[in-house]
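Residue numbers (this note's numbering), protein chains in the order written: chain H, 1 to 108; chain A, 1001 to 1108. One structure is given below, encoded as structure tokens.
Number of protein chains: 2
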Amino acid sequence: MFLTTENLPDFEIIAGYTAKMIHTDQLTVMHVTVKAGHDLPEHQHPHEQITNIIAGEFEMTVDGVTKVCRAGDVIVIAGNKAHSGRALTDCRIIDVFNPPREDYKAKE
Amino acid sequence: MFLTTENLPDFEIIAGYTAKMIHTDQLTVMHVTVKAGHDLPEHQHPHEQITNIIAGEFEMTVDGVTKVCRAGDVIVIAGNKAHSGRALTDCRIIDVFNPPREDYKAKE
Chain H
1 MFLTTENLPD FEIIAGYTAK MIHTDQLTVM HVTVKAGHDL PEHQHPHEQI
51 TNIIAGEFEM TVDGVTKVCR AGDVIVIAGN KAHSGRALTD CRIIDVFNPP
101 REDYKAKE
Chain A
1001 MFLTTENLPD FEIIAGYTAK MIHTDQLTVM HVTVKAGHDL PEHQHPHEQI
1051 TNIIAGEFEM TVDGVTKVCR AGDVIVIAGN KAHSGRALTD CRIIDVFNPP
1101 REDYKAKE
């Protein structure tokens, strides 16, 4: 299946975090745009997550460790690990989850 | 876990296709750079795959359908679906797999 993300609907995860969502049987991939200055409050979920920074500067905290991440940086977040973040600039991020985010599918 | 892809070893998938590999319990994410003009021969695998084009023009064929894909395009490839490709320009691609690519882990 061929998709063009700009043709997908915008999904507002939280204020300042807007995603194009791709769900399959086993995966969720989210192409996220984040506006500078917006916080991702601490949260956790059972899904394994791999966050890929495509553009911008994003300060991420995982399990109490904080790092400023930039294009080419990747954050691996095990299931049920607390994480939070803050966009220091406008950012583009690709988040990958397994299993798929049924909680987000339900809201779409 | 925080990773910087440029610090990861280069893994040559096939000629012209070089990846930085991230493997977890449930996922493989590959940050792939492809040199213009290099073909990806037709192949298939049981893993579900989501291919995210970050930069460049990549001609992808999945299950007999061919499309030129560009930044922002996403290709969803179900397990065991034949696919092939060709880099029309230098490309940057993020490939996501579930389950993880044990075949690539074994070669690293």
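By construction, the Cβ of each residue, glycine as well, lies at the ideal position given by its N, Cα and C atoms. Please read all numbers here as calculations on a predicted model, not as lab measurements.
Tell me, please, whether the CB atom of residue 1011 (chain A) is closer than 8 Å to any CB atom in chain H? Counting from 1 along the second sequence, the entry for residue 1011 (chain A) is found at position 11. Chain H, which has no Cβ nearer than 8 Å to the Cβ of residue 1011 (chain A), makes this no.
Are the CB atoms of residue 63 (chain H) and residue 87 (chain H) nearer to each other than 8 Å? Here residue 63 (chain H) corresponds to residue number 63 of the first sequence, with the count starting at 1. Here residue 87 (chain H) corresponds to residue number 87 of the first sequence, with the count starting at 1. Not a contact, by the Cβ cut-off of 8 Å.
Please return the same chain residues whose Cβ sits closer than 6 Å to the Cβ of residue 8 (chain H), not counting the five positions on each side in sequence. For this step, residue 8 (chain H) is matched to residue 8 along the first sequence. Within the same chain, residue 8 (chain H) has close Cβ partners 20.
Which of helix, strand or coil does DSSP assign to residue 7 (chain H)? As a first step, residue 7 (chain H) must be located in the first sequence, where it is residue number 7. Helix.
Would you call the CB atoms of residue 1096 (chain A) and residue 27 (chain H) closer than 8 Å? By 1-based counting over the second sequence, the position of residue 1096 (chain A) is 96. By 1-based counting over the first sequence, the position of residue 27 (chain H) is 27. It is a contact, given that the beta carbons lie within the stated cut-off.
Within 8 Å of any Cβ in chain H, is that where the Cβ of residue 1033 (chain A) sits? The residue labelled residue 1033 (chain A) in the question sits at position 33 within the second sequence. Not one chain H Cβ lies under 8 Å of residue 1033 (chain A).
Give a yes or no on whether the C-beta atoms belonging to residue 38 (chain H) and residue 55 (chain H) are separated by under 8 Å. Against the first sequence, residue 38 (chain H) aligns to sequence position 38. Against the first sequence, residue 55 (chain H) aligns to sequence position 55. No, the Cβ-Cβ distance between residue 38 (chain H) and residue 55 (chain H) is not below 8 Å.
Using the beta-carbon count (16 or more within 10 Å), is residue 1029 (chain A) buried or exposed? Position 29 of the second sequence, counting from 1, holds the residue named residue 1029 (chain A). Label assigned to residue 1029 (chain A): buried.
Using a Cβ-Cβ cut-off of less than 9 Å, list which residues of the region 58–69 of chain H approach chain A; keep chain order. 60, 62, 65, 67 and 69
Quick check on residue 48 (chain H) - is its C-beta less than 8 Å from some C-beta in chain A? On the first sequence, residue 48 (chain H) is found 48 positions in, with the first residue counted as 1. Residue 48 (chain H) counts as touching chain A.
In angstroms with no decimal places, state the Cα-to-Cα distance between residue 1061 (chain A) and residue 1043 (chain A). Taking the second sequence and counting its residues from 1, one reaches residue 1061 (chain A) at position 61. Taking the second sequence and counting its residues from 1, one reaches residue 1043 (chain A) at position 43. For residue 1061 (chain A) and residue 1043 (chain A), the distance between alpha carbons rounds to 11 Å.
Separation of residue 107 (chain H) from residue 1102 (chain A), as counted between CA atoms: One-based indexing of the second sequence puts residue 1102 (chain A) at position 102. One-based indexing of the first sequence puts residue 107 (chain H) at position 107. Approximately 34 Å between the Cα atoms of the pair.
Name, in chain order, the residues that DSSP records as bridge partners for residue 17 (chain H). Locating residue 17 (chain H) in the first sequence gives position 17, counting from the first residue. Answer by DSSP bridge pairing, in chain order: H:14 and H:34.
In chain H, what lies closer than 7 Å to residue 1026 (chain A) by C-beta? Your numbering for residue 1026 (chain A) matches position 26 in the second sequence. Chain-ordered, the chain H residues with CB closer than 7 Å to the CB of residue 1026 (chain A) read 48 and 98.
Proximal residues, the region 1074–1098 of chain A versus chain H, C-beta separation under 7 Å: 1074, 1075, 1076, 1094, 1096 and 1098
Excluding sequence positions up to five away, which residues of its chain have a Cβ less than 7 Å from the Cβ of residue 1050 (chain A)? Locating residue 1050 (chain A) in the second sequence gives position 50, where the first residue counts as 1. Cβ neighbours of residue 1050 (chain A) within its own chain (closer than 7 Å, five residues either side excluded): 1074, 1076 and 1096.
Distance check for residue 1104 (chain A) and residue 1013 (chain A), CA to CA, integer angstroms please. As a first step, residue 1013 (chain A) is located in the second sequence; it is residue number 13 there, counting from the start. As a first step, residue 1104 (chain A) is located in the second sequence; it is residue number 104 there, counting from the start. Rounded to the nearest angstrom, the two C-alpha atoms are 8 Å apart.
Between residue 45 (chain H) and the rest of its own chain, which residues show a CB-CB distance below 6 Å, the 5 nearest in sequence each way excluded? Position 45 of the first sequence, counted from the start, is the residue given in the question as residue 45 (chain H). Within the same chain, residue 45 (chain H) has no close Cβ partners at all.
For residue 1042 (chain A), three-class secondary structure by DSSP: Against the second sequence, residue 1042 (chain A) aligns to sequence position 42. In this structure, residue 1042 (chain A) counts as strand in the three-state DSSP scheme.
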